[in-house]
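Asker: Protein chains in written order, with the working numbering: chain W, 303 to 981; chain G, 486 to 714. Every residue gets a Cβ at the ideal spot worked out from N, C-alpha and C, and that includes glycine. Here it is: the structure, laid out below.
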Amino acid sequence: LKMSSSVSVSVEVPLENLVQEITYDGMELLQQPLTMSESLAKLAQRIDFCGQDEDGGAGSGSATAGSSNENGDIKEEDANGEGGPDANFKTAQSWPWESVRNKIRSALTELSVFGDILTIAQKKQYMVLDPVQADPSDTKPPAVLMYKKKALQAASQVLLSGCERLRASMNEAKSRPSLATLDFHIELLRLRQNWRLRKVGNAILGDLSYRTAGSRFPQGGIFEVTKAEDDSEDGNADSQSTSSQPQPPPPKPCSALRVTVPNELQGIAYIHVHVQKDQDTLSFANIGLPAPAPLDAHWQQRLEAAQNVLFCKELFSVLAREAVALHSMPIPPLVVGNQITATLFPGILLIIGLCHSITGKGQSPPAVSSKLDHNHVLEHSLHQLLREVHRTNSHIPLPHPATAPIGISRKRRLGGPCAYDRQTLLNMTKKEGILEEIIKQSQHVILRLRAMYFLDTLAKEIKDPLLVAHWASINAVTHSCVRITLVSSGYDMCARTQLVIHIKEKSLKAILKDGKAINLSYEPQELKDLLLCQIAIHQIMALQSLSKCLGWTVLSSCTHLGVGNCESTGNAAGCMLTSPNGKRILAVRSSPQAFMPAPSIQVFIGYPPNAKYTTQQNNNNNSAIPMEVDDVSAATTLGFEGMDLTAGVKYKSIRLDKLEGKNFLNKMEMLMAVLADVS
Amino acid sequence: MDGLEPTAKQTELHQSLSAIDTLTSAMKSNVVPNQEYLLQGSILDSGVDILLHRLRGLCDNTDVGLESFHDHEACFVLFNPAAQQSQPLTLRVRKAVDDTAAPWHLRYMGQPELGDKNRPTMVRSVLDIGVGSDIVEFLKELGCRREFDFITKGFIFRKGRLKIIVGKLYRSEAGKAPHELEPVSGSHYVEMSVVTPTGQDIVGEDMRNLAEQIKPLVNLDKVDHRRLP
Numbered sequence: 303l304k305m306s307s308s309v310s311v312s313v314e315v316p317l318e319n320l321v322q323e324i325t326y327d328g329m330e331l332l333q334q335p336l337t338m339s340e341s342l343a344k345l346a347q348r349i350d351f352c353g354q355d356e357d358g359g360a361g362s363g364s365a366t367a368g369s370s371n372e373n374g375d376i377k378e379e380d381a382n383g384e385g386g387p388d389a390n391f392k393t394a395q396s397w398p399w400e401s402v403r404n405k406i407r408s409a410l411t412e413l414s415v416f417g418d419i420l421t422i423a424q425k426k427q428y429m430v431l432d433p434v435q436a437d438p439s440d441t442k443p444p445a446v447l448m449y450k451k452k453a454l455q456a457a458s459q460v461l462l463s464g465c466e467r468l469r470a471s472m473n474e475a476k477s478r479p480s481l482a483t484l485d486f487h488i489e490l491l492r493l494r495q496n497w498r499l500r501k502v503g504n505a506i507l508g509d510l511s512y513r514t515a516g517s518r519f520p521q522g523g524i525f526e527v528t529k530a531e532d533d534s535e536d537g538n539a540d541s542q543s544t545s546s547q548p549q550p551p552p553p554k555p556c557s558a559l560r561v562t563v564p565n566e567l568q569g570i571a572y573i574h575v576h577v578q579k580d581q582d583t584l585s586f587a588n589i590g591l592p593a594p595a596p597l598d599a600h601w602q603q604r605l606e607a608a609q610n611v612l613f614c615k616e617l618f619s620v621l622a623r624e625a626v627a628l629h630s631m632p633i634p635p636l637v638v639g640n641q642i643t644a645t646l647f648p649g650i651l652l653i654i655g656l657c658h659s660i661t662g663k664g665q666s667p668p669a670v671s672s673k674l675d676h677n678h679v680l681e682h683s684l685h686q687l688l689r690e691v692h693r694t695n696s697h698i699p700l701p702h703p704a705t706a707p708i709g710i711s712r713k714r715r716l717g718g719p720c721a722y723d724r725q726t727l728l729n730m731t732k733k734e735g736i737l738e739e740i741i742k743q744s745q746h747v748i749l750r751l752r753a754m755y756f757l758d759t760l761a762k763e764i765k766d767p768l769l770v771a772h773w774a775s776i777n778a779v780t781h782s783c784v785r786i787t788l789v790s791s792g793y794d795m796c797a798r799t800q801l802v803i804h805i806k807e808k809s810l811k812a813i814l815k816d817g818k819a820i821n822l823s824y825e826p827q828e829l830k831d832l833l834l835c836q837i838a839i840h841q842i843m844a845l846q847s848l849s850k851c852l853g854w855t856v857l858s859s860c861t862h863l864g865v866g867n868c869e870s871t872g873n874a875a876g877c878m879l880t881s882p883n884g885k886r887i888l889a890v891r892s893s894p895q896a897f898m899p900a901p902s903i904q905v906f907i908g909y910p911p912n913a914k915y916t917t918q919q920n921n922n923n924n925s926a927i928p929m930e931v932d933d934v935s936a937a938t939t940l941g942f943e944g945m946d947l948t949a950g951v952k953y954k955s956i957r958l959d960k961l962e963g964k965n966f967l968n969k970m971e972m973l974m975a976v977l978a979d980v981s
Numbered sequence: 486m487d488g489l490e491p492t493a494k495q496t497e498l499h500q501s502l503s504a505i506d507t508l509t510s511a512m513k514s515n516v517v518p519n520q521e522y523l524l525q526g527s528i529l530d531s532g533v534d535i536l537l538h539r540l541r542g543l544c545d546n547t548d549v550g551l552e553s554f555h556d557h558e559a560c561f562v563l564f565n566p567a568a569q570q571s572q573p574l575t576l577r578v579r580k581a582v583d584d585t586a587a588p589w590h591l592r593y594m595g596q597p598e599l600g601d602k603n604r605p606t607m608v609r610s611v612l613d614i615g616v617g618s619d620i621v622e623f624l625k626e627l628g629c630r631r632e633f634d635f636i637t638k639g640f641i642f643r644k645g646r647l648k649i650i651v652g653k654l655y656r657s658e659a660g661k662a663p664h665e666l667e668p669v670s671g672s673h674y675v676e677m678s679v680v681t682p683t684g685q686d687i688v689g690e691d692m693r694n695l696a697e698q699i700k701p702l703v704n705l706d707k708v709d710h711r712r713l714p
């Protein structure tokens with residue numbers, strides 16, 4: 303076949319109309335296509351006046367503008383006709399142009415309202431529009447400054463007026479000389495810095511007791527502080543003086559406040575400690591203010607005086623209570639009124655008294671001139687003892703570990719674990735009281751003074767061995783120590799005897815160089831005896847060491863001789879020396895007799911037996927030393943050896959006071975030197 | 486014949502056997518201190534210095550200075566196998582590490598008394614006993630088990646008969662030097678306690694007054710130990 307030419311294809315819009323109905327005879331009734339206006343109406347229905355669809359809105363805006371002119375009259379006619387339900391605008395409206403018409407109508411309404419308003423506003427006949435002014439947000443700076451200045455002025459006015467008042471009162475106070483420059487409040491401040499005050503109601507009360515320091519004394523010390531009344535300042539002082547006796551005008555009150563102390567604490571008080579032997583006073587101390595405080599003295603002095611009175615009262619009451627309960631002494635202390643009397647040693651009494659004078663003009667203490675300088679020890683001790691009692695009351699050691707109960711002393715805590723028995727626990731609770739302690743201290747003072755006095759006296763009287771006493775500068779309240787050295791003058795390197803004496807409360811203990819410890823009682827005689835014995839021993843010992851230097855040989859030596867006269871006190875000491883060549887013997891006996899006269903020493907020279915000596919005119923020097931014993935030499939070339947011992951050694955005594963030499967050792971040295979030379 | 490009359494020796498024996506009677510009569514007549522009144526609180530470590538200053542001003546012994554303590558406490562528990570529902574017995578043994586001469590301390594603390602709610606403090610019965618260092622062995626022999634132990638360091642104050650403890654807990658580990666202690670928390674505990682015989686409730690008022698003085702720093706209050714988590 304031959305190729306045909308192009309096929310024409312025609313594209314057509316299916317313009318077939320929808321079949322509306324088919325009649326019974328087969329004829330189709332086609333649905334008429336929409337007319338132009340119908341299609342326009344259909345498009346107009348789709349106009350969205352809410353403006354959600356921008357494209358549609360732009361498009362429909364022109365369509366609306368176009369259709370508004372056409373359907374202007376249609377709208378009028380059909381407005382009443384169609385009364386489609388407006389509520390259901392999504393469903394088919396009865397009239398397609400209804401929504402368009404409604405929108406346009408509302409737009410017209412609004413525009414007409416605007417037009418009316420503008421016309422009215424412009425016409426100014428019925429309504430005038432005025433602009434409303436907003437409130438000014440910030441004031442002008444000059445106004446602010448003004449306000450501030452005014453406020454400050456008011457405040458400064460208040461301050462200035464107050465200052466004027468104060469200045470006026472200060473000037474007034476200055477002009478009046480009585481109260482000087484001190485104000486009540488400043489004085490109160492100073493008072494408060496020194497004393498404890500509190501305000502009770504309208505009154506100011508203070509407390510001057512030692513309660514917060516641990517005292518448990520029941521008597522309280524409450525004083526009252528008041529303003530000092532202005533005494534009338536007229537020159538005539540007698541008229542306002544209340545005392546009956548004429549007095550000089552009272553001194554101007556030096557402070558603006560006055561303190562009122564309780565009556566029982568007024569005046570001054572002191573504790574008087576007095577050691578009495580028969581009628582003499584050995585030592586005394588006054589505790590307290592020696593000077594009376596006048597009644598209108600400064601409040602500080604008055605308060606201190608009152609506090610001192612309270613302290614003395616408490617101290618005395620403690621001492622009195624202990625004196626009544628003290629049973630450990632052979633003679634118990636006696637309490638009579640304001641005085642406690644205790645016996646220290648037989649014949650020596652300790653008197654403690656409380657002297658309290660209220661008038662302020664206390665009688666002066668008994669004018670016993672005590673040259674002893676240990677008063678302060680007793681005074682200080684009593685104060686310290688009471689303070690110690692206070693302190694133990696207030697200071698309780700805290701427990702370790704921390705959960706243990708408080709209030710128990712450390713030793714008692716160990717009571718359980720260490721299984722203390724009842725006796726040990728009871729002993730732990732026993733404490734020494736103040737009175738016992740002060741009695742011990744006084745006894746020690748007496749003993750020490752006595753020992754000092756005795757040593758000084760002995761040193762003055764005995765010159766031959768010098769007695770040097772060194773007292774320890776640091777000692778306890780009941781224990782002192784002195785080191786005594788006996789030394790011969792000129793021979794201190796070769797001979798010194800030392801001993802130490804410990805002085806306790808009721809006894810002395812002497813420790814000698816060789817280690818012997820001797821316990822002495824408080825009797826002064828015992829110390830004297832001991833020292834005299836030591837002096838006697840010293841002479842012999844010194845002689846022995848001297849003999850070593852000179853070459854003499856010690857034949858025998860004994861510190862406690864059992865031969866010779868029986869001594870009244872102690873024992874005599876003696877030694878025997880022989881000369882280097884053996885031709886002479888020296889026998890020395892030293893006895894501790896009473897030191898008036900000096901302890902007597904007897905020296906004997908021993909000659910070998912069968913020695914003949916001539917007693918010629920050696921008596922000019924009264925020496926019994928036969929210097930010329932030449933004939934002796936013949937018989938005694940051999941000395942004492944080979945001699946007939948049954949013949950015995952002849953001893954001749956020496957009068958030491960006739961020998962040359964300043965002390966015994968010096969004399970002996972001379973003697974030994976001479977006797978050594980005898981051929 | 487000495488059959489009828491008691492001899493001197495027998496009377497003496499009779500008197501010495503009455504030590505037990507003495508003990509029981511002491512316990513009956515309110516002499517033994519076995520009641521503890523307690524208030525507890527805590528404070529952060531940062532505020533402890535201020536609290537210590539405050540307490541130094543309020544309490545006694547101002548001239549001595551701060552008293553510190555360093556203790557090691559161990560808790561022992563004894564179970565009662567017979568009665569299953571009863572509480573086991575707890576005992577605490579405390580020793581002072583800084584004071585080795587001081588005796589060790591054994592403490593029994595009972596349950597707090599469920600008294601009236603108005604009482605300002607907590608009350609419980611305690612027994613304080615001083616013991617030697619062999620107490621640990623003794624308790625082990627009795628059958629107690631060692632539950633826990635801790636170390637506490639701090640300061641102790643006293644005002645009258647009130648005792649105030651400010652302390653910090655540390656873990657106790659064997660072999661650690663004292664300066665390497667590891668604290669349990671970042672705060673200190675504060676305890677105010679008084680141990681008295683029964684019948685002295687007025688001490689609770691004193692405790693509350695003192696607690697008021699340190700109020701803004703630390704709140705001391707009675708703590709119900711059963712409600713603690």
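(1) Are the C-beta atoms of W/Gly735 and some chain G residue less than 8 Å apart?
(2) Kindly indicate if chain G contains any beta-carbon less than 8 Å away from that of W/Gly523.
(3) Take W/Lys1035 and list the residues in its own chain whose beta-carbon comes closer than 7 Å to its own, dropping the five residues that flank it on each side.
(4) G/His590 CB to nearest chain W CB: under 8 Å?
(5) Got a sec: is the Cβ-Cβ distance from G/Asp534 to anything in chain W below 8 Å?
(6) Verify whether the separation of the beta carbon atoms of G/Pro588 and W/Arg715 is less than 8 Å.
(7) Could you tell me whether the stretch 720 to 736 of chain W touches the stretch 654 to 671 of chain G, where touching means 3 or more Cβ pairs closer than 8 Å?
(8) Measuring only between beta-carbons, confirm whether G/Phe554 sits less than 8 Å from chain W.
(9) What separation, rounded to the nearest whole angstrom, lies between the Cα atoms of W/Lys450 and W/Gly464?
(10) Return the CA-CA distance between G/Asp709 and W/Lys501, expressed in angstroms with no decimal places.
(11) Would you mind giving the Cβ-Cβ distance between G/Ile528 and G/Leu536, rounded to the nearest angstrom? I have them listed as a contact below 8 Å.
(12) Between G/Arg698 and G/Leu543, what straight-line distance do the alpha-carbon atoms span, to the nearest angstrom?
(13) Listed in chain order, which residues of the stretch 690 to 714 of chain W have Cβ atoms closer than 8 Å to some Cβ of chain G?
(14) Quick check: what's the CA-CA separation for W/Leu845 versus W/Ile813?
(15) Relative to the alpha-carbon of W/Pro703, which residue among G/Glu690, G/Lys707, G/Gly600 and G/Ala559 has its alpha-carbon at the smallest distance?
(16) By Cβ distance below 6 Å, which residues in the same chain neighbour G/Lys513 in space, the five residues on each side in sequence not counted?
(17) Closer than 8 Å, CB to CB, is W/Pro719 near chain G or not?
(18) For chain G, check one thing: does any of its Cβ atoms lie closer than 8 Å to the Cβ of W/Leu636?
(19) Between W/Ile654 and W/Ile748, how many whole angstroms is the CB-CB distance? I'm expecting something under 8 Å.
(20) Give me the chain G residues within the contact set of W/Leu716, using Cβ-Cβ distance strictly less than 9 Å, ordered along the chain.
(21) I'd like to confirm the pairing. Which residues does DSSP put opposite G/Asp556 in its beta bridges?
(22) I'd like the span of the beta strand (DSSP E) that includes W/Tyr909, first residue to last.
(23) Run through chain W and tell me which residues come within less than 7 Å of G/Asn519, C-beta to C-beta.
(24) Tell me which residue opens and which closes the alpha helix (DSSP H) that G/Asp534 is part of.
(25) Check the Cβ-Cβ distances between G/Arg643 and every residue of chain W, and say whether any is below 8 Å.
(26) In whole angstroms, give me the CA-to-CA distance for W/Glu489 and W/Ala558.
(27) From the DSSP secondary-structure annotation, give me the bridge partner or partners of G/Met607.
(28) Say whether chain W places a C-beta atom closer than 8 Å to the C-beta of G/Ile650.
(29) Show which residues of chain W have a CB atom less than 7 Å away from the CB atom of G/Ala440.
(30) Got a sec: is the Cβ-Cβ distance from G/Arg630 to anything in chain W below 8 Å?
(31) Identify which residue in W/Ala706, W/Thr645 and W/Leu833 has its Cα closest to the Cα of W/His576.
(32) How many whole angstroms separate the CB atoms of W/Val527 and W/Gly508, which I take to be in contact at a CB cut-off of 8 Å?
(33) Could you spell out where the alpha helix (DSSP H) holding W/Gln347 opens and where it closes?
(34) Measure the CB-CB distance between W/Met843 and W/Thr799 and report whether it falls below 8 Å.
(35) Grab the span of the beta strand (DSSP E) containing W/Lys501 for me, first residue to last.
(36) Who are the near neighbours of W/Leu852 in its chain, counting only those whose CB is closer than 6 Å to its CB and skipping five residues on each side?
Answerer: Reading it off the structure:
(1) No, no contact with chain G.
(2) Residue-level contact check: W/Gly523 does not touch chain G, since none of the beta carbons of chain G fall below 8 Å from its beta carbon.
(3) In the structure as shown, chain W starts at 303 and stops at 981, and residue 1035 of chain W therefore has no counterpart that could be examined.
(4) Interface residue, yes.
(5) Chain W contact via Cβ: absent.
(6) Yes, the Cβ-Cβ distance between G/Pro588 and W/Arg715 is below 8 Å.
(7) With a cut-off of 8 Å, the stretch 654 to 671 of chain G and the stretch 720 to 736 of chain W do not count as touching, because too few Cβ pairs lie within range.
(8) Among the CB atoms of chain W, one or more fall inside 8 Å of the CB of G/Phe554.
(9) Counting only the Cα atoms, W/Gly464 lies some 22 Å from W/Lys450.
(10) CA-CA distance, G/Asp709 to W/Lys501, rounds to 41 Å.
(11) Confirmed, Cβ separation roughly 6 Å.
(12) According to the sequence displayed, residue 698 of chain G carries Gln and not Arg. Each residue's alpha carbon lies about 8 Å from the other.
(13) The residues in question are Ser696, His697, Ile698, Leu700, Pro701, His702, Pro703, Ala704, Thr705, Ala706, Pro707, Ile708, Gly709 and Arg712.
(14) Those two C-alpha atoms are separated by around 23 Å.
(15) Taking only the C-alpha atoms, the option nearest W/Pro703 is G/Ala559.
(16) Once the five neighbours on either side are set aside, G/Lys513 has no close Cβ partner at all.
(17) Output row for W/Pro719: interface = yes.
(18) Chain G, which has no Cβ nearer than 8 Å to the Cβ of W/Leu636, makes this no.
(19) Actually they do not touch by this definition, with Cβ atoms about 15 Å apart.
(20) What W/Leu716 touches in chain G: Ala586, Ala587, Pro588 and Gly615.
(21) As computed with DSSP, G/Asp556 is found in a beta bridge with G/Ala581 and G/Thr637.
(22) Looking at the DSSP string, the run of the beta strand (DSSP E) that includes W/Tyr909 is Ile903 to Tyr909.
(23) Correct list: empty, because the minimum Cβ distance to chain W is about 10 Å.
(24) First-last of the alpha helix (DSSP H) with G/Asp534: Val533 to Leu543.
(25) True, the Cβ-Cβ gap to chain W drops below 8 Å.
(26) Answer to the nearest angstrom: the Cα atoms are 7 Å apart.
(27) Answer by DSSP bridge pairing, in chain order: G/Leu523.
(28) Taking Cβ atoms only, chain W reaches closer than 8 Å to G/Ile650, which makes this a yes.
(29) Outside the modelled stretch of chain G, which goes from 486 to 714, sits residue 440 of chain G, for which no answer is possible.
(30) Chain W contact via Cβ: absent.
(31) Relative to W/His576, the option among W/Ala706, W/Thr645 and W/Leu833 whose CA is nearest is W/Thr645.
(32) Going by Cβ atoms, the distance from W/Val527 to W/Gly508 rounds to 6 Å, so yes, they are a contact pair.
(33) First-last of the alpha helix (DSSP H) with W/Gln347: Met338 to Gln347.
(34) Yes. Within cutoff.
(35) Its beta strand (DSSP E) spans residues Arg498 to Val502.
(36) So the qualifying residues of the chain are Met974.
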